[in-house]
Each structure stands twice: as C-alpha cells, then as structure tokens.
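Quick note on numbering: my numbering labels position 65 of the sequence shown as 69, and the sequence is numbered without any gaps. Just so it is clear, CB atoms sit at the ideal spot from N, CA and C, and this is done for glycine as well.
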Amino acid sequence: MNHLANVWVFSDNVERYAELMTGARQWGEKVYAIVQGNTEIDYVKALGADEIVILESHTDLQRVENYAETLASLLGDQNGLLLMAATKRCKALGARLSIQLDAVMVNDATSIDLLDGTLHAEHRMYGGLAFGKEKLNSPQAIITLAPGVLEPAAPLPGHTCPQTTLAYIAPRHEVLCQQRRAKSLSSVDLSKAKRVIGAGRGLAAQSDLDMVHKLATILGAEVGCSRPIAEGENWMERERYIGVSGVLLKSDLYLTLGISGQIQHMVGGNGAKIIVAINKDKNAPIFNYADYGLVGDIYKVVPALIDQLSR
Numbered sequence: 005m006n007h008l009a010n011v012w013v014f015s016d017n018v019e020r021y022a023e024l025m026t027g028a029r030q031w032g033e034k035v036y037a038i039v040q041g042n043t044e045i046d047y048v049k050a051l052g053a054d055e056i057v058i059l060e061s062h063t064d065l066q067r068v069e070n071y072a073e074t075l076a077s078l079l080g081d082q083n084g085l086l087l088m089a090a091t092k093r094c095k096a097l098g099a100r101l102s103i104q105l106d107a108v109m110v111n112d113a114t115s116i117d118l119l120d121g122t123l124h125a126e127h128r129m130y131g132g133l134a135f136g137k138e139k140l141n142s143p144q145a146i147i148t149l150a151p152g153v154l155e156p157a158a159p160l161p162g163h164t165c166p167q168t169t170l171a172y173i174a175p176r177h178e179v180l181c182q183q184r185r186a187k188s189l190s191s192v193d194l195s196k197a198k199r200v201i202g203a204g205r206g207l208a209a210q211s212d213l214d215m216v217h218k219l220a221t222i223l224g225a226e227v228g229c230s231r232p233i234a235e236g237e238n239w240m241e242r243e244r245y246i247g248v249s250g251v252l253l254k255s256d257l258y259l260t261l262g263i264s265g266q267i268q269h270m271v272g273g274n275g276a277k278i279i280v281a282i283n284k285d286k287n288a289p290i291f292n293y294a295d296y297g298l299v300g301d302i303y304k305v306v307p308a309l310i311d312q313l314s315r
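In structure tokens:
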C-alpha cells in the first residue's frame with residue numbers, strides 16, 4: 005500500500021498550507037484541509053483538498069490548542085496522518101491530540117517517507133546536533149513539518165470540493181489569549197529565496213549591514229543572519245534568523261559573511277545547493293560545509309566584491 009487512507013492538514017499560519025498540501029496529496033488517498041475561518045477557505049480549497057473542514061468559531065480569545073477535543077471527535081478511530089505546520093501552537097495542539105488519540109507524534113520533521121504503508125520521519129534532535137529517524141507504528145500519526153521541506157503545491161484553478169463545519173467541543177480547561185499586541189514582521193520569506201546572504205558575528209556594528217544589503221542588491225539576494233545578530237544584538241528581524249529554530253534554506257546560493265558555522269546555524273543553512281563562505285578564521289567550521297571558501301576579512305572582501313560586481 006503506497007497511500008494512507010486519510011491525511012488531515014492543519015496550520016495556524018495560512019501560508020504553510022501550500023507546502024503541507026504537497027505532502028498530503030502525495031501520501032493520502034483522501035485529503036482533508038482543516039481551517040479556522042471562512043477567509044481561508046477559497047485559498048486552501050484551490051490547493052487540491054478533497055474536503056474542507058471548518059472549525060466552528062468560538063471566541064476571538066481562542067487558542068489553537070483548545071481544538072484538541074474538537075479534532076479528536078473528527079479523527080476518531082480513523083487511520084491516517086494529521087500533518088501540521090511546526091509552529092508553537094500546532095505543536096501544543098498535537099501534544100494534546102496525541103494523548104487523546106493514543107497516536108505517535110513527531111515534531112519538526114525534515115523528511116517524511118511512506119514505505120509499505122508505514123510512515124517514516126526524520127527530525128532534528130538536541131537543538132540540531134543530531135537527526136533522529138522514526139518509524140511510526142501507530143494507526144494514527146501526528147507530524148509537524150518544518151518549513152521549507154517540501155515545494156509548495158500549485159493552485160488548481162477551478163477546483164471545488166465539499167465543505168463541512170465541525171462543532172466546537174470545549175476542553176476541560178481552555179487556554180485563552182488575554183491581550184494582543186502588534187508585532188513588526190519582516191515581509192521576506194527566506195525559505196523561498198533563491199539567493200541568500202547570511203550576516204554573522206564577524207560584523208562589528210549594525211551600520212556594517214549597509215554593505216551587506218548593498219551586495220545583496222547587486223546579487224539579487226535576500227539578507228539573513230545568524231542567531232546572535234537577530235536575538236542577541238537585535239540588529240535584524242527574528243524572521244531573518246537562519247538556524248535550527250529559525251528558517252531552513254532551500255536556496256540556490258547561500259553566501260555567508262563572518263559566520264562561524266556552528267551546527268545549530270548550519271541545520272538551517274545546509275539545505276542550500278551551493279554554500280560560499282567568507283571568514284577570516286581559516287579554522288572556522290563553516291569551511292567544512294562550504295562548496296567554496298575564502299579566508300579573508302569581510303571588511304576588505306565585501307567592498308571588493310561590490311566594486312567588481314558593480315562594473
């Protein structure tokens with residue numbers, strides 16, 4: 005058997021549905037897309053679901069994990085896979101569901117295979133220091149998929165499918181949002197970028213990012229960074245952090261500037277087809293991953309690159 009009887013797809017981030025649907029259509033005989041609101045229906049429907057399941061609205065203060073009992077009533081004893089985005093809220097939801105359904109769960113999957121009707125998943129462990137390979141032997145399985153693992157599904161113009169509304173079943177203890185505050189988000193999605201330049205701790209000041217952005221403009225690249233730049237120095241948005249708990253690159257090119265190449269960062273960077281490293285430390289771990297490496301001072305190399313490429 006090369007397909008699962010049922011694959012259910014859910015994400016609290018609508019942008020992840022396209023990638024999740026790629027896997028669902030590949031592994032499932034019947035694909036159900038579960039959505040929270042009516043605004044998502046048309047977009048998700050066009051991705052090729054066999055049926056849309058709408059979660060009944062309960063309150064604006066609702067948190068995703070409160071739908072565990074509701075989804076448990078939907079899945080029941082049906083065999084199959086619940087495939088979700090690897091977000092904090094979906095992981096919390098999955099944890100609750102796995103207990104209620106007695107289903108095996110794997111988080112942050114970086115690859116999924118269906119062999120002789122049995123799911124196998126690879127996922128990151130110990131903060132990206134290792135990868136674990138799991139065989140999922142329960143009839144029901146829950147997997148949260150890391151971003152950038154699959155190519156997003158292309159919309160199917162004119163595709164239609166039935167839709168049903170699932171009544172909300174309140175859990176014994178609800179988790180409610182008490183306050184919402186606006187967050188400044190970057191408009192860039194590095195997981196979709198074809199060329200990426202990564203800035204690391206080799207930069208001495210935030211103003212030095214100007215030359216990085218100038219080089220990126222010339223190369224037609226997006227700019228990302230290592231974790232210290234985003235979360236330590238706060239020089240760049242959190243959405244530009246490349247690493248084990250950040251973005252996983254699938255770019256054609258990843259050019260690193262002053263990045264040492266610790267494993268936690270390279271978990272996010274080693275998905276690039278070509279890695280070019282520039283670092284003044286010849287012993288930096290980044291050179292073990294790079295296809296091309298240059299030992300040099302980025303304050304000399306980058307201006308020289310800008311000069312040559314601008315001609």
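Find the nearest neighbour of E363 within the set S314, A28 and D301, judged by alpha-carbon distance.
Shown here, the chain extends from 5 to 315; a query on residue 363 therefore has no answer.
From the DSSP output, read off the bridge partner residues of A145.
L85 and V108
Between the region 35–49 and the region 115–127, do three or more beta carbon pairs fall short of 8 Å?
Counting C-beta pairs with one atom in each stretch, the region 35–49 and the region 115–127 have fewer than three that are closer than 8 Å, which means they do not touch.
What is the DSSP secondary structure of I263, counted as helix, strand or coil?
Note: I263 maps to coil in three-state DSSP.
Specify the secondary structure class of M240 as computed by DSSP and reduced to three states.
In the structure shown, M240 sits in coil (DSSP, three-state: anything other than H, G, I, E or B).
Where do the N-terminal and C-terminal ends of the beta strand (DSSP E) with L140 fall, by residue?
Its beta strand (DSSP E) spans residues A134 to L140.
Between L123 and the rest of its own chain, which residues show a CB-CB distance below 7 Å, the 5 nearest in sequence each way excluded?
L85, I116, L140 and A145
On a Cα-Cα basis, can you pick out the residue from R205, N238, L259 and V248 that is closest to E226?
L259
Taking buried to mean at least 16 other C-beta atoms within 10 Å of its own C-beta, is N83 buried or exposed?
exposed
In three-state DSSP terms, what is D214?
It is helical.
Suppose the cutoff is 7 Å on Cβ atoms and the five residues either side in sequence are ignored; what does the same chain contact list for P175 look like?
N70, A72 and E73
So what does G32 bridge to, in DSSP terms?
L8
Roughly how many angstroms lie between the CA atoms of S61 and M25, to the nearest whole one?
23 Å
Straight-line CA distance for G52 to L313?
44 Å
Rounded to whole angstroms, what's the CA-CA distance from A171 to D256? Just pull it up for me.
45 Å
Return helix, strand or coil for T91, following the three-state DSSP convention.
coil
In terms of alpha-carbon separation, which member of L97, L101, V271 and A50 lies closest to C165?
Comparing Cα-Cα distances from C165 to each of L97, L101, V271 and A50, the minimum goes to A50.
In the structure shown, what three-state DSSP assignment does G228 receive?
strand
Among the candidates S15, Y21 and V280, whose CA atom is the shortest distance from the CA of K95?
Measuring from the Cα of K95, the nearest candidate turns out to be S15.
Measure the C-alpha to C-alpha separation of G300 and A281 and round it to an integer number of angstroms.
Cα to Cα, G300 sits roughly 10 Å from A281.
Is the separation between the beta-carbon of G228 and that of G262 shorter than 7 Å?
no
For R128, which three-state DSSP category applies?
strand
Find the nearest neighbour of V248 within the set M270, H177, K254 and A234, judged by alpha-carbon distance.
Here the closest residue by C-alpha is M270.
Could you spell out the range, first to last residue, of the beta strand (DSSP E) harbouring L170?
Boundaries of the beta strand (DSSP E) harbouring L170: Q167 to L170, taken from the DSSP string.
Got a sec, what are the start and stop residues for the beta strand (DSSP E) A281 sits in?
Segment I278 to N283, the beta strand (DSSP E) holding A281.
Checking 7 Å against the spacing of the C-beta atoms, do V179 and R67 come in under that value?
yes
Kindly indicate which residue of T168, D214 and N17 has the alpha-carbon position closest to the one of K92.
N17
Look up I56 in the DSSP assignment and give the residues it is bridged to.
When DSSP reads this structure, I56 sits in a beta bridge with A37 and Q167.
With a 10 Å radius around its C-beta and 16 neighbouring C-beta atoms as the bar for buried, classify G2 as buried or exposed.
No answer is possible for residue 2: it lies beyond the span of the chain, which begins at 5 and ends at 315.
Give every residue of the same chain whose Cβ lies closer than 8 Å to the Cβ of A276, excluding the five residues on either side of it in the sequence, and list them in chain order.
V200, L253, K254, S255, D256, L257 and Y258
Near L219, which residues of its chain fall below 7 Å by C-beta distance, leaving aside the five closest residues on each side in sequence?
I201, V306, L309 and I310
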